[in-house]
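Residue numbers (this note's numbering), protein chains in the order written: chain A, 12 to 347; chain B, 7 to 278; chain C, 16 to 306.
Below: one structure, written as structure tokens.
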Amino acid sequence: MSISLRRTLLGSLLWLAAAATGVHAADVSLLNVSYDPTRELYKDVSAAFSAQWKKDKGDTVTVNASHGGSGKQARSVIDGLEADVVTLALAYDIDAIADKGLIKPDWQQRLPHNATPYTSTIVFLVRKGNPKGIKDWNDLIKPGVEVITPNPKTSGGARWNYLAAWGYALKQPGGNDAKAKEFVAALFKNVPVLDTGARGSTTTFVQRGIGDVLLAWENEALLARQELGQDQFEIVVPSISILAEPPVAVVDKVVDKRGSRAVAEAYLKFLYTPEAQDIAGKHYYRPYDEKAATKYAAAFPKVATFTIAEQFGGWKQAQATHFADGGVFDQLGVGK
Amino acid sequence: MARRVLPGFGLSLGYTLAYLGLIVFLPLAALAVKASGIGMAGLWKTISAPPVLAALRLSFGAALLSAVINAAVGLLVAWVLVRYTFPGRRLVDALVDLPFALPTAVAGIALTALYAPNGWIGSWLAPFGIKVAFTSLGVLVAMIFVGFPFVVRTLQPVLEALDRDVEEAATSLGASRLQTFVRVLFPLLLPALLTGFALALARAVGEYGSVIFIAGNIPMKSEILPLVIVKQLEQFKYADAAAVGVVMLVLSFLLLLAISLLQRWSRRWAER
Amino acid sequence: MAAVVSAAPLRRHRPIGRRLVHGLLIGVALGFLLLFLLLPLAAVFVEALRKGLGTYVAAIVHPEALAAIELTLLVAVIAVPLNTVFGVAAAWAMTHFDFRGKALLGALIDLPFSVSPVVSGLIYVLLFGAQGWFGPWLQAHDIKLIFAVPGLVLATIFVTLPFVARELIPLMQAQGSDEEEAARVLGASGWQIFFRVTLPNIRWALLYGVLLCNARAMGEFGAVSVVSGHIRGLTNTLPLHVEILYNDYNYAGAFAVASLLALLALVTLCLKTFLEWRYGSELAARAPRGH
Chain A
12 MSISLRRTLL GSLLWLAAAA TGVHAADVSL LNVSYDPTRE LYKDVSAAFS
62 AQWKKDKGDT VTVNASHGGS GKQARSVIDG LEADVVTLAL AYDIDAIADK
112 GLIKPDWQQR LPHNATPYTS TIVFLVRKGN PKGIKDWNDL IKPGVEVITP
162 NPKTSGGARW NYLAAWGYAL KQPGGNDAKA KEFVAALFKN VPVLDTGARG
212 STTTFVQRGI GDVLLAWENE ALLARQELGQ DQFEIVVPSI SILAEPPVAV
262 VDKVVDKRGS RAVAEAYLKF LYTPEAQDIA GKHYYRPYDE KAATKYAAAF
312 PKVATFTIAE QFGGWKQAQA THFADGGVFD QLGVGK
Chain B
7 MARRVLPGFG LSLGYTLAYL GLIVFLPLAA LAVKASGIGM AGLWKTISAP
57 PVLAALRLSF GAALLSAVIN AAVGLLVAWV LVRYTFPGRR LVDALVDLPF
107 ALPTAVAGIA LTALYAPNGW IGSWLAPFGI KVAFTSLGVL VAMIFVGFPF
157 VVRTLQPVLE ALDRDVEEAA TSLGASRLQT FVRVLFPLLL PALLTGFALA
207 LARAVGEYGS VIFIAGNIPM KSEILPLVIV KQLEQFKYAD AAAVGVVMLV
257 LSFLLLLAIS LLQRWSRRWA ER
Chain C
16 MAAVVSAAPL RRHRPIGRRL VHGLLIGVAL GFLLLFLLLP LAAVFVEALR
66 KGLGTYVAAI VHPEALAAIE LTLLVAVIAV PLNTVFGVAA AWAMTHFDFR
116 GKALLGALID LPFSVSPVVS GLIYVLLFGA QGWFGPWLQA HDIKLIFAVP
166 GLVLATIFVT LPFVARELIP LMQAQGSDEE EAARVLGASG WQIFFRVTLP
216 NIRWALLYGV LLCNARAMGE FGAVSVVSGH IRGLTNTLPL HVEILYNDYN
266 YAGAFAVASL LALLALVTLC LKTFLEWRYG SELAARAPRG H
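This is the structure we're talking about:
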């Protein structure tokens, strides 16, 4: 007992020393800093990539993963978390890293589809039998309907929710910014709990039994239904929604320092291969690859979408208009 | 300074100051410097935003209320544990420290599971229209939980050390039990009670991990101050976050200072 | 102990009404404890075992859970002794000597209790993060503090700093300096006084402080979460691992790992109770008188 304890201690101290000086014993290692819902996806992608890399180059690649709220993860990278690649919920968070000079400004042009290997959209998760008869966005503002969404100020996913609702209202006949604001304000009046992250909201809706409808990424809604009860929840696809594009980027400053650029770039390119696209489809992300898209077509009903670039002029502008302090979200009078 | 007979003054004080300086003072200085980056006007603008003011009110209001409840119940529990014997007393005594030892996130999840409308306790309260989880009442419950041990643990030794003679004398002079307690015991217990109150208060104001799960986090209603800091960080506004942090710290410190002054006064009152 | 004995003669004269009051007081106190302390604890274990013992064990022996356990132990093994030495030194300085600013020093020691965990993590990021005061220097020398073990240790030290000192100061204040001074007069050296006179007097209080400090160190969530980086299997402590499992919809697993921490808390409390029972009279005799 005491010997094994001592050995653990000694090992731990050595490990501490190694951690402090940045010595790595493994062949090659990558750190993928990602957001909450992608845990399952990147677990499989990383395993497939490692196998591929071993076959092609003979080296062992270990891909470590860190998951958390998208904004918090971006902040950790800015503050020195040595991520080789970032795979976050929205371009704004990667832009924030780029603003500090860690990523080159042209990052969205370096990979296909605005550096987005797969997409998703925003859908509704409702309770079995859809007791409140929720069909589309305008059902969410009816009195007595409780809507669960995380806080757009702390959650990337919630910002997609918010913008999807806004876009819907704009596209209604006679829609304009004032009407959209009114619509979104009415929607948030029906929100009884604002969790800080997407997963927190899902737990509130599913485990605590709060609310009639959960606004969620399509991949989250499908996963939650899969994991927590096929027979208890239904997915409702609204008439129109936003095309959610979670982008990826190599962190230039880190890969140049660590000498891991080749592997890191190969990792992100791998995301666009048929193999990884198939994995994405399996984990409920909409793949670009034709074959994978056909294979999983049953899970992804056709939905009219608009992009953030068309409707809001990109993330920087959307962020400044809607989510900055004193922005539109703050003017909605949530909670009053 | 006649008491400096013992050796080790330089060593122990030097070590204490160096350690505190490195671990506590230097980092807090960094916080203050960061906060000063936005200037007085910026600070005022950040603090006076209605959601921040509401969070400030909720954090300090709920913390004060939780500390008052903890002081009252803590006094009762300490009294029962010291004065009465009943089966399982030691076990109960041990249980008091649980909130110190249980990770706050675990406490938050467990409390939410209990007080949610479909939880063990929540389902009993729901028919009466009482909602605890996801309201400001939930904030209060979490704060009571994390602050509870402080009052009991500061009162217990004092209660144990209290001279029974004083009470007996008072009783034999014809004072009722209640009179004895209010007039004789309470003044003696007050300094320790205030210490426990202050610690419970300070802990409750800053608590994040357990509150966040149970609060509901609706701006203006159930959003606590540490969450405001987190929200500012999410927007990469470090200086604003630091500013709110500093304001919180200063307010807590002023409260603690006020309580220690009150304590000095109460001690004099007890010695009268 | 003494208190219980002296209470006996008083009790015999008590009328029934008074007994009723006692029963009521005990009932209210126990009811509160049941509602606020025992039920959350029970909830943890019930949820943990909901999917059966197999799931429970599987969650705990999972490699990532084991890595989290190892890391949590490592952090505690570094943080707790450092805070113990600090606590003893601070208590020695605070109770055996008079000096200017003593009250301020006392307030400073308590300060970490009133700092929000969110802020306690943030301050180290502001100091050692890439954009912080020492960030560029640390990066130039390739030293990682934040998002590595040292950052976790620092945040844990900050949060648990007051525990040992808080436990020792009132006790040593109550004991006074008489015994130490007598030893000094008899020619003992400083270290001799400390190890032969002071330490035996304070050992149980010291142990309490260490136990509480340790329990809090292993359970800290908020501050650690800020400086961890959340790398699976590398920088996730037990409380962070609980959060991850919870966010993975693996509720039974999350509560299983949480129950480990709850068990740790229970063992800590049992140990403390055992010490009290075993050395109860010794402790009672040294109970601090006032503050």
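Quick reminder that beta carbons are idealized off the backbone N, C-alpha and C, glycines included.
Here the structure is a predicted model, which is why all the values come from computation and not from measurement.
Quick check on DSSP: helix, strand or coil for residue i?
i: A/Gly186; result: coil
i: A/Glu229; result: helix
i: A/Phe317; result: strand
i: B/Glu240; result: helix
i: A/Pro298; result: strand
i: C/Arg115; result: coil
i: A/Ser212; result: helix
i: A/Ile158; result: A small correction: the amino acid at residue 158 of chain A is Val; Ile does not occupy that position in the sequence shown. Three-state result, A/Val158: strand.
i: A/Val97; result: strand
i: C/Ile246; result: strand
Counting only beta-carbon separations shorter than 8 Å, does residue i have a partner in chain C?
i: B/Gly251; result: yes
i: B/Trp130; result: no
i: A/Arg210; result: yes
i: B/Trp50; result: no
i: A/Leu122; result: no
How about residue i: is its C-beta nearer than 8 Å to some C-beta of chain A?
i: B/Thr118; result: yes
i: C/Asn98; result: no
i: C/Val263; result: The residue asked about is misnamed: residue 263 of chain C is Asp in this sequence, not Val. True, the Cβ-Cβ gap to chain A drops below 8 Å.
Would you please state the rounded distance, in angstroms, between the beta carbons of residue i and residue j? I believe it to be under 8 Å.
i: C/Arg231; j: B/Phe106; result: 6 Å
i: A/His78; j: A/Arg50; result: 5 Å
i: B/Gly212; j: C/Ser243; result: Rounded, the Cβ-Cβ distance is 19 Å, inconsistent with contact.
i: B/Gly215; j: B/Thr110; result: 3 Å
i: B/Ile150; j: B/Ile218; result: B/Ile150 to B/Ile218, Cβ: 16 Å. No contact.
i: A/Val224; j: A/Phe135; result: 5 Å
i: C/Thr171; j: C/Val90; result: 5 Å
i: A/Leu113; j: A/Val74; result: Going by Cβ atoms, the distance from A/Leu113 to A/Val74 rounds to 19 Å, so no, they are not a contact pair.
i: B/Ser326; j: B/Leu263; result: What the structure shows of chain B is the stretch from 7 to 278, and residue 326 of chain B is not part of that stretch, so it cannot be assessed.
i: B/Ala122; j: A/Gly82; result: About 27 Å separates the two Cβ atoms, so there is no contact after all.
i: A/Tyr295; j: A/Asn230; result: 4 Å
i: A/Asp38; j: A/Val72; result: 7 Å
In chain order, what residues of the same chain lie with their CB nearer than 8 Å to the CB of residue i, ignoring the 5 residues before and after it?
i: A/Asn162; result: Ala169, Leu205, Asp206, Thr207
i: A/Gly186; result: Ala180
i: C/Leu286; result: Leu226
i: A/Pro285; result: Asp300, Lys302, Ala303
Enumerate in chain order the residues of its own chain whose CB-to-CB distance from residue i is below 6 Å, with the five nearest sequence positions on each side excluded.
i: A/Ala76; result: Asn43, Tyr53
i: A/Tyr173; result: Pro163
i: C/Pro132; result: Gly237, Ala238
i: A/Phe244; result: Leu136, Arg236
Any beta carbon from chain B within less than 8 Å of residue i's own beta carbon?
i: C/Glu258; result: yes
i: C/Arg244; result: First, the residue type needs correcting, since residue 244 of chain C is Gly and not Arg in the sequence shown. By this cut-off, C/Gly244 is not an interface position.
i: A/Thr213; result: no
i: A/Gly33; result: At A/Gly33, the pLDDT of 43 sits below 50, so the modelled position is not reliable; the number obtained from the coordinates is stated separately. Answer no: the Cβ-Cβ gap between A/Gly33 and chain B never drops below 8 Å.
i: A/Gly220; result: yes
Take residue i and list the residues in its own chain whose beta-carbon comes closer than 7 Å to its own, dropping the five residues that flank it on each side.
i: C/Val59; result: Phe270, Ala273, Ser274, Ala277
i: A/Ala126; result: Trp118, Gln119, Pro258, Val259, Ala260
i: B/Tyr244; result: Lys40
i: C/Tyr139; result: Ile161, Gly166, Leu169, Ala170, Val242
i: A/Thr213; result: Leu225, Ala227, Glu231, Ala235
i: A/Asp47; result: His78, Gly79, Gly80, Gly208, Ala209, Arg210
Does the Cβ of residue i lie closer than 7 Å to at least one heavy atom of the ligand MG?
i: B/Gly215; result: Absence of the ligand MG from the depicted structure is noted, as is the absence of any ligand whatsoever, leaving it without description.
- Query: Of all the residues that make up the region 209-231 of chain B, which are near chain A by a beta-carbon distance shorter than 9 Å?
  - Reply: Ile218, Phe219, Ala221, Gly222, Asn223, Ile224, Pro225, Met226, Lys227, Ser228, Glu229
Note to self: Closer than 8 Å between beta carbons: that is the criterion. Which residues of the region 47-65 of chain C meet it against chain B?
What the structure shows: Phe47, Leu48, Leu50, Phe51, Leu52, Leu53, Leu54, Pro55, Leu56, Ala58, Val59, Glu62
Scan the region 120-150 of chain C for residues whose Cβ lies nearer than 7 Å to a Cβ of chain A and list them as they occur along the chain. Val140, Gly144, Ala145, Gln146, Gly150
- Members of the region 230-264 of chain A that neighbour chain C once the beta carbon cut-off is set at 9 Å: Leu234, Ala235, Glu238, Leu239
Checklist line | Chain-ordered residues of the region 79-107 of chain C with a beta carbon less than 7 Å from chain B | finding: Phe101, Ala104, Ala105, Trp107
- Scan the region 68-84 of chain A for residues whose Cβ lies nearer than 9 Å to a Cβ of chain C and list them as they occur along the chain. Asn75, Ala76, Ser77, His78, Gly79, Lys83, Gln84
Practice item. Below 8 Å between beta carbons is the criterion; list the residues of the region 88-107 of chain A that meet it against any residue of chain C, in chain order. Key: Ile89, Asp90, Gly91, Leu92, Glu93
| field | Near-chain B residues of the region 151-163 of chain A (beta-carbon distance less than 8 Å), N- to C-terminal order | value | Asn162
Taking a cut of 9 Å between CB atoms, which residues from the region 332-347 of chain A lie near chain F? The structure shown contains no chain F; its protein chains are A, B and C.
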